[in-house]
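This report refers to the structure that appears directly beneath it.
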Amino acid sequence: MRTVIQRVKHASVTINGEVKGKIGNGLLILLGVQSDDTQEDIDWLVGKISKLRIFDDENGVMNRSVMDVDGNCLVVSQFTLMASYKKGNRPSWIKAAPHDISIPIYEAFCKALEAETGKHIETGEFGADMKVELLNDGPVTICMDTKNKE
């Protein structure tokens, strides 16, 4: 799994002119799934994201997690994170899991994050043409890949 995590003041995802998911202070999480991703990948990623200390404490030091600041999360599926760009200039999506694999993993990730944070997780709609709007706070943007945990 690959993810781009952004600390935001607010974020939303709109589909066909209607807002599907919306948060205030918290994390926008773009999530890409590979065919060989497992529950172990979900558990590792949820543990890292929920405890990631990227919110300021009273001294302006990034020392608090999304849970510490009572923030929310918006998770948006993003198969393009799995792009392979080694050959030529047109990305290949060969590493992205097909829908029958990626949808259950995406849903399991959202449920696990909800259980870990104790808060409802806002989402987009898997496979839809989504418009994502955000105000990145910092900016703070972190990429994680479960195949590169070091």
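Under my numbering, the first residue of the sequence shown is numbered 119, with each subsequent residue one higher. A virtual CB, placed ideally from N, CA and C, is assigned to each residue, including glycine. All values derive from a computational prediction rather than experimental measurement.
- Under the three-state reduction of DSSP output, aspartate 218 falls in the helix class.
- Arginine 182 is bridged by DSSP to Phe173.
- Across the set Arg120, Lys265, Ala129, the C-alpha of Ala129 shows the shortest separation from the C-alpha of asparagine 190.
- Here threonine 241 is buried. Its C-beta has 16 or more other C-beta atoms within 10 Å.
- Cβ neighbours of glutamate 234 within its own chain (closer than 6 Å, five residues either side excluded): Val164, Ser168.
- If you look at arginine 208, you'll find it isn't in any beta strand (DSSP E); DSSP assigns it neither H nor E.
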